[in-house]
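In this note's numbering, the protein residues as written are 6 to 140.
All C-beta atoms, glycine included, are put in the ideal place defined by N, C-alpha and C.
Read the structure below first, then the notes.
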């Protein structure tokens, strides 16, 4: 199960990485035609780069935690389905040229829950265990 989970994370990461090369269409679709000046375009491009970078970094952290921890099968299944849906949603974003603000929503739905749970398990396993040994 962990192998398929890692493959789903890799597919999610590849989808995000490919969007880096097609940022202009997502930025232009965020505004009405003809109302984009260079400053607004540069600001929007920066925000899109930030969210894509945060998403890719969170996937790297999630991969590190997967390799470090033994996770319950229910979590692996949930994360596998979540990353598979994330790939499908990102494909829809690319095909339909969604506005760049939708990537924040995608990050919140598909990256944050797994990352929060993995950090919780990591802290519970390593830091709380050390604290109990010292007492």
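In the three-state scheme derived from DSSP, where H, G and I count as helix and E and B as strand, residue 132 is classed as helix. Taking a contact as a CB-CB distance under 8 Å, the pair residue 14 and residue 88 counts as one, their CB atoms being some 6 Å apart. If you check the CB distance, residue 123 and residue 40 do not come in under 8 Å. The criterion of a C-beta distance shorter than 8 Å is satisfied by residue 120 and residue 63. CA-to-CA, the gap between residue 78 and residue 7 works out to about 9 Å.
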